Structures are given as C-alpha cells and as structure tokens.
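In what follows, a structure is listed as structure tokens, so that the remarks can point back to it.
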Amino acid sequence: MSDIGYDSGVDARPQEGEAQFGDFLELLKPRVMSLVVFTALVGMLAAPVPVHPVIGFCAILFIALGGGASGALNMWWDADIDRLMRRTRKRPIPAGKISEEDTRALGFALAGISVLMLSLATNLLAGAMLAFTIFFYVVIYTIWLKRITPQNIVIGGAAGAFPPVIGWLAATGTMAVEPWLMFAIIFMWTPPHFWALALFMRNDYDDAGVPMLTVTHGRRATRRHILIYTVLLAALSIAAGFTAIGGPVYMALALVLNLAFLRGAFRIWRRDETMSEGDNFAVERGFFRLSLLYLFLHFGAILAEALLAHWGLGGWG
Numbered sequence: 004m005s006d007i008g009y010d011s012g013v014d015a016r017p018q019e020g021e022a023q024f025g026d027f028l029e030l031l032k033p034r035v036m037s038l039v040v041f042t043a044l045v046g047m048l049a050a051p052v053p054v055h056p057v058i059g060f061c062a063i064l065f066i067a068l069g070g071g072a073s074g075a076l077n078m079w080w081d082a083d084i085d086r087l088m089r090r091t092r093k094r095p096i097p098a099g100k101i102s103e104e105d106t107r108a109l110g111f112a113l114a115g116i117s118v119l120m121l122s123l124a125t126n127l128l129a130g131a132m133l134a135f136t137i138f139f140y141v142v143i144y145t146i147w148l149k150r151i152t153p154q155n156i157v158i159g160g161a162a163g164a165f166p167p168v169i170g171w172l173a174a175t176g177t178m179a180v181e182p183w184l185m186f187a188i189i190f191m192w193t194p195p196h197f198w199a200l201a202l203f204m205r206n207d208y209d210d211a212g213v214p215m216l217t218v219t220h221g222r223r224a225t226r227r228h229i230l231i232y233t234v235l236l237a238a239l240s241i242a243a244g245f246t247a248i249g250g251p252v253y254m255a256l257a258l259v260l261n262l263a264f265l266r267g268a269f270r271i272w273r274r275d276e277t278m279s280e281g282d283n284f285a286v287e288r289g290f291f292r293l294s295l296l297y298l299f300l301h302f303g304a305i306l307a308e309a310l311l312a313h314w315g316l317g318g319w320g
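Below, the structure written as structure tokens:
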C-alpha cells in the first residue's frame, strides 16, 4: 500500500472516481461482517430452541446487514482519520470513490432495514438488541469514546461481542447465561487481539491522533495489558467449558488454544523493546494471526458441541 503525503496546506485526497459494487461492499467491512455472521450463527444454533431454516437464514442476513450498517457509519464518521492512516487510506471515502454523505445515508438505511426486518422475522427482543448494538458501536464507541480514551478497544469490544447474543435471542426470544458467556469470550479476546495489531501499527495511530494504549502509555504497558487480558480470557474460556455450551470437544480444544495463546502473550510481555524494530515485530504479528484462529476455533467448538447435543452425543452427560 503506497503512502500519500499530507503537507501543510495541501489536499492530498484523490479526486472523486466512479464507485464500483466492491467499493460499496467495502463500506460494510466484510471481514468484520464475516465474524458477526459466524458468531451470530453459533449463538443461534447453540440455543436450545430449533429454528426454521428460512427464519434462521433471514435472521442471519439481517444481523449481517446491521453489522454492515455499523461499519458504514463508522467509516463515515472516521473518514478524517482514515485519510491519515496507511492501512485505511484506500478505503472508499479517503480514496474519493464514495462521498461521506452517501456513506452516511447507506448506513442509516441499512440500520433501519435490518432492525425492522429482524424484529418482524424473529422477535422484538432480537431487533431491539440489534438496534442497541448498532447504537453502541456507532455512538458510544465511534463518536464518543474512540478518540478520548485509551480503553477504546475494550469498549469497542463490547459492540463486537453482541452478535451471539442476538443470534440466541432470535432463536429463543429470551435471555440466558449461555449467550452472555459467548459475549464475554469475544469481549475479553478483543483487547489483546487489537493491541497486538497496534504494536506493529503504532505510527498509524500516532499520525491519526487516536489515543490507542500504545500511544498514550507506550509499548511496555500495552504488552503488560495483553498478558493480563489473555490470562483472564483463558480462565473464562476454560470455565465456559463446564457450562451448557461446553463439553469434551470444546474443553480439549480450549486447553490447547489457551496454552498457545498464553505462551504468545508471555513472549510479547518478555519482549526486549530495543529489538522491536530489528525483528519486524514478528512476535506481535504471530500473536495477532493466532488470535484470529483462537476465536474462530473456540466458536467452532461451541458449534460442534451444539450439533453433537442435537444428535444426543454432546455435553458432559
């Protein structure tokens, strides 16, 4: 990705170009949406109430649209800092392909459609939770707290942790402990995942003036926080294995994954800061990649336990 200069008084933004379908899709943050879809699907299938395939498909579709709406509104509000960060300069708004006004309109339209249609397809509680999730991500996190606190990632992690709760509510229409355990796993996983990214992308956040922990407290404090959150996440993950969403398959996988994750966090904590540039942050990059596998396999194990339970083979019974 090429750099773009931003000399004082010079507008380095590209001229408006013709937007393609892929540009509008990128506004919805498809990578984040894939995580939303997967965790919501697991939450729905882990619920003790069977869901008709058509209703289930509609629910996941509208939850995905809600996640896309959040992504678009996030890009609309953050367009100014996206222009300053290397990893975001080619997004549709900074690249001049889609205007901020069109992005805002798309985000609000998708938000309204997704909430209304999920409420009609499933139940009002699921729709209300989706509406709250969009509000939390866009207003509480993006607009209010992202630029004023180094705990922005911790707060933003809550928004990303709601999809399994929404999926569960779409299936059952009632609250329970199990979806909140899934929420807690994602919530505790998010800070070490993004702080590892911030360690080798720190200049981006410096340039944009975003108070990431690496910027406000330095790399050493960030490494310490990664280790603390990873220890807490491991304890929570193992404890969840003894609940209704756990079982032998989940527990076996959780033990292996958490040992690997703890080892990675410990290696990050022990890092010699004087060698960070020389080895190109290999340890942090490796931990970041492992974190992606960690969450996917955890929820894959929860899904496996749910399917085994459906066939009378799951759980500890």
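The numbering used here puts the first residue of the sequence shown at 4, with every later residue one more than the last.
Just so it is clear, CB atoms sit at the ideal spot from N, CA and C, and this is done for glycine as well.
Note that this is a predicted model, so its numbers are computed, not measured.
How about the stretch 24 to 35 and the stretch 62 to 75: do they share at least three Cβ pairs that are nearer than 8 Å? yes
I'd like the list of long-range same chain contacts for ILE156, defined as Cβ closer than 7 Å, with 5 residues on each side in sequence excluded. THR193, PRO194, PHE197 and TRP198
Check whether the stretch 131 to 139 touches the stretch 164 to 172, counting contact only when three or more Cβ pairs, one atom from each stretch, lie closer than 8 Å. yes
Can you look up LEU316 in the DSSP assignment and give me helix, strand or coil? coil
Quick check on the burial criterion: 16 or more other C-beta atoms within 10 angstroms. Buried or exposed for ASP85? buried
How would you write the range of the alpha helix (DSSP H) that ALA62 sits in, first residue to last? 56 to 80
Tell me the DSSP secondary structure of HIS196 in three-state form. helix
ASP14 versus LEU262 - alpha carbon distance: Per-residue confidence for ASP14 stands at a pLDDT of 45, beneath the threshold of 50, marking its modelled position as unreliable; no derived number is given.
Express the C-alpha separation of VAL45 and GLY71 in angstroms, rounding to a whole number. 19 Å
Over what stretch of residues does the alpha helix (DSSP H) that includes GLY25 continue unbroken? 24 to 30
Start and end of the alpha helix (DSSP H) containing ALA255? 251 to 272
Option in ILE143, GLY59 and VAL118 with minimal Cα separation from GLY160: ILE143
Evaluate LEU295 with the Cβ neighbour count: other Cβ atoms within 10 Å of its Cβ, from every protein chain shown; 16 or more gives buried, anything less gives exposed. exposed
Considering Cα atoms alone, identify which of THR175, VAL252, ILE271 and ARG288 is closest to ALA312. VAL252
Could you tell me whether any non-hydrogen atom of the ligand NAD is closer than 7 Å to the CB of VAL218? The ligand NAD is not part of this structure, which contains no ligands at all.
Taking three-plus beta-carbon pairs below 8 Å as touching, is the stretch 104 to 120 in contact with the stretch 45 to 58? no
Rounded to the nearest angstrom, what separates ILE63 and GLY315 at their Cα positions? 26 Å
Can you list the alpha helix (DSSP H) stretches of 4 or more residues lying completely in the stretch 156 to 186, in chain order? 166 to 175
Where VAL286 and ARG273 are concerned, what is the direct C-alpha to C-alpha distance, given to the nearest angstrom? 10 Å
Contact check, ALA22 vs LYS149, beta carbons under 8 Å: no
On the three-state DSSP scale, how would you describe HIS220? coil
Alpha-carbon to alpha-carbon, ALA124 and LEU230: 42 Å
Inter-residue Cα distance where the pair is ILE271 and ARG226: 6 Å
What is the DSSP secondary structure of ALA124, counted as helix, strand or coil? helix
Could you give the first and the last residue of the continuous alpha helix (DSSP H) run that contains ARG34? 33 to 49
Using a Cβ-Cβ cut-off of 6 Å (strictly less than) and excluding sequence neighbours within five positions of TRP171, which residues of its own chain qualify? GLY46, ALA50 and PRO182
How would you call VAL218, buried or exposed, if buried means at least 16 neighbouring beta carbons within 10 angstroms? buried
Since PHE290 and ALA268 should fall inside the 8 Å C-beta cutoff, what is the C-beta to C-beta distance between them, to a whole number of angstroms? 7 Å
Do you know offhand how far ALA257's Cα is from GLY249's? 10 Å
Using the Cα positions of SER102 and ALA242, report the straight-line distance between them to the nearest angstrom. 47 Å
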